[in-house]
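Just so we're aligned, residue 247 is where the sequence shown starts under the working numbering, counting upward by one. The beta carbon of each residue, even a glycine, is placed where N, CA and C say it ideally should be. Since the model is a prediction, treat every value here as computed from it, not as a measurement. Remarks on the structure that follows.
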Amino acid sequence: MRAVVRREYGDTSVLHVEDVPEPALEPGHVIIDVAATGVNMAEWHLMAGRPSVARLALGIRRPKRPVLGQDVAGIVIAVGEGVTRFAVGDAVFGSAKGSWAERAAANADLLQPLPPATSFEQAAAVPMSGYTALQALRAAGDIEGRSVAITGAGGGVGSYAVQLAAARGAHVTAVCSAAKAAFVRDLGAHEVIDYATTDPTDPGRTPRRFDAVLDFAGGLPLTRWRRVITPGGRLVLGGAENGGPVLGPLSRSLQAPFTRGLKATTLVATTNGDDIAALADALGGGTLRSTRSATYAFAEAARAVDALCAATHPGKIVLVP
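Structural data, given as structure tokens:
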């Protein structure tokens, strides 16, 4: 079968489509004929081997697992021992390691039925970004009736966080580029700050102080956020791209306890079957919509990752075989 692989760490030039062995069917798992798969910054980190400390788990000199991908949507074509929730022919979506392939093995506990009126491409754009947003909001505490700022609001995680925060009754201030302002307003943002013209940590320029900040962009010093967060408010750190090449987000985590007057939490999102189920319910119930805005073929995976890093598209990018 064909898959997008990287045999070494580097930029997008290391991505290639190759023939690889079929996934093995294990107890508690299913095999999925992949219709679409999401593109996340996690794949960039795995491709680049950054932060460097992650190579202790990924492989010091070269990747242990060459096939990338974690979000999946498709049709079940084989069912492993002990699986009773799904049968061959079921349309599903969720999480599966190595999903940038024509077929992928997935733990059945990390899958949900494809919601009604949802395409495979739309569903594949949801899992990792969606459960990361859910877990960030959980870390922020009770936000009903409170003011929440979300940086990186026009991206994958941010676009779901805007919707979920607004649905929880928060007053949402989205921080993004001017090009994505209309996009985030349509998702439920009440106010938009263009980071290119307005510093969201400047109390003289922001529309209000915030009870919670979900920082998915990660480009500003922690001490500056202290100026616009209310007493007792919380900063949730979810952006890993600006944490440095060696420690990544750990560098900001180490700073947080020493930043006086600031309650900061570093988010380490984990794949969670309950959260994927909650996302499926929200999609099916109409309280959450997929933010998939661009689709690339496997052969264009390098272009897709470059577009992700350049924030070319609002919301999410998906790949199709």
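Between which two residues does the alpha helix (DSSP H) harbouring residue i extend?
i, result
"L468", "L468 to W471"
"G404", "G402 to A413"
"V329", "Premise fails: V329 is in no alpha helix (DSSP H) and is neither H nor E."
"F366", "F366 to A370"
"S375", "P373 to A386"
"D552", "A547 to C555"
"D317", "Where D317 is concerned, there is no enclosing alpha helix (DSSP H), although the beta strand (DSSP E) it sits in stretches over D317 to V325."
"I306", "Taken as a continuous stretch (DSSP letters only), I306 belongs to no alpha helix (DSSP H), as it is neither H nor E."
"A424", "A424 -> no alpha helix (DSSP H), and no H or E assigned at all."
How long is the line joining the alpha carbons of residue i and residue j, rounded to whole angstroms?
i, j, result
"T511", "G326", "39 Å"
"E264", "V421", "39 Å"
"E254", "G295", "9 Å"
"A553", "R392", "34 Å"
"R414", "R535", "15 Å"
"V551", "M293", "10 Å"
"G464", "A288", "15 Å"
"D257", "T469", "32 Å"
"S345", "Q409", "26 Å"
"A270", "V334", "16 Å"
"R455", "T476", "6 Å"
"P560", "T444", "20 Å"
"R252", "A352", "21 Å"
"F332", "A526", "15 Å"
"K343", "T517", "11 Å"
"L565", "D520", "25 Å"
"G398", "D461", "7 Å"
With 16 other CB atoms within 10 Å as the buried threshold, where does residue i fall?
i, result
"P361", "buried"
"T364", "buried"
"S250", "The sequence as given places Val at residue 250; Ser does not occur at that position. Buried is the call here."
"V329", "buried"
"T283", "buried"
"G340", "buried"
"A395", "buried"
Taking residue i as part of the beta strand (DSSP E), name the residues at either end of that continuous run.
i, result
"E264", "L261 to D265"
"F456", "F456 to D461"
"L357", "L357 to P359"
"L481", "I475 to L483"
Residue i: which of the options sits nearest, CA to CA?
i, options, result
"K509", "V459, G530, R311 and A556", "V459"
"A382", "D527, P446 and V403", "V403"
"G450", "E348, Y441 and V474", "V474"
"M374", "E268, N286, R331 and I323", "N286"
"M317", "I323, D336, L357 and R331", "Per the sequence presented here, residue 317 reads as Asp, with Met not at that position. Per the Cα distances, L357."
"I389", "G532, V418 and C555", "V418"
"G274", "V430, D448, A354 and S405", "A354"
On the DSSP bridge list, what partners appear for residue i?
i, result
"H417", "S393"
"P351", "A small correction: the amino acid at residue 351 is Ala; Pro does not occupy that position in the sequence shown. I277, per the DSSP bridge assignment."
"E437", "T419"
"L271", "In the DSSP output, where bridge partners are listed per residue, L271 has none listed."
"G340", "V318 and L357"
"I563", "V285 and A540"
Are there any heavy atoms of the ligand SAH lying less than 7 Å away from the beta-carbon of residue i, as far as the coordinates show?
i, result
"A354", "This structure does not include the ligand SAH; it has no bound ligands of any sort."
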